[in-house]
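Asker:
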Amino acid sequence: MQDQAARQQKDPKGRLATVVMATSLALVAGAKEPQPLNSDKIRERFGHYGVELLHQDATTRLASLYSLDGDQRITRTLALTRFELPIPDALAEPDAEIRAGASIGATLRDAGWQVSKSAAVDCYSLAGQRFAELGGDSLEPDQPVLIRVYTLQVNDAEMSADYATIAEAYHPQHISVDSALPCIDAAYESMTDSQVIALKALLSTMGQSN
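Residue numbers (this note's numbering): 489 to 698.
Structure (structure tokens):
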């Protein structure tokens, strides 16, 4: 023990370097990898991913995120997006691609932005007639589906911004419904005003009352 103490006294910087290195390794080991996007999950699970714009104007976009079953498109996510205006100049190029029909998360990520979801709220609703038609033979209008509403944020070393508020309905084969989830009315209490507007627009599109 005395020899060990003597070595530490002679080389305090070496001991400090060891502690710093161990701390650095722990931080690296605990670092979070970027989470896969919804498009990544659809492609991985069903072997294909595509986007079909069903409606778009200056503030709102409705899109079917689908996979193929033979020649049939099966909507795995019905997504209602409300863009946060004005769009920052730094996002002008990927935003133009998105308005032209590109996938939102993947396009922002490919442009070098980190993409994250904040203030997410989960609830459930019935699929409704339109989503059932888009979702193929395995989805019925009165079938419960998971609804998720969130704010999509982007950031890099110089800027952080809210890009859009998004409300999504998921095909049960893609993301199943938890029976413990709140219904729509209860979920409204946890949402921002923008999220409430996005969700009501999605429900209207699905054929549900809001």
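Note that beta-carbon positions come from the ideal geometry of N, C-alpha and C, so glycine has one too.
Tell me which residue opens and which closes the alpha helix (DSSP H) that residue 683 is part of.
Answerer: Its alpha helix (DSSP H) spans residues 681 to 694.
Asker: Which first and last residues belong to the alpha helix (DSSP H) in which residue 610 is found?
Answerer: Element bounds for residue 610: not the alpha helix (DSSP H) but the beta strand (DSSP E), 602 to 614.
Asker: Smallest Cα separation from residue 612: which of 601, 629, 589 and 657?
Answerer: Selected option, being the one with the closest Cα: 657.
Asker: Strictly by DSSP, which residues pair up with residue 567?
Answerer: DSSP lists 551 and 656 as partners of residue 567.
Asker: Using the C-alpha atoms, what's the distance from residue 633 back to residue 693?
Answerer: Rounded to whole angstroms, residue 693 to residue 633 spans 14 Å at the Cα level.
Asker: On the criterion of 16 or more Cβ atoms from any shown chain inside 10 Å, does residue 583 qualify as buried, or is it exposed?
Answerer: Classification of residue 583: buried, given that the 10 Å Cβ count is 16 or more.
Asker: Taking C-alpha atoms, which residue in 559, 561 and 567 lies nearest to residue 551?
Answerer: Out of 559, 561 and 567, 567 has the C-alpha closest to the C-alpha of residue 551.
Asker: Between which two residues does the alpha helix (DSSP H) holding residue 676 run?
Answerer: Counting along the chain, the alpha helix (DSSP H) containing residue 676 begins and ends at 672 to 676.
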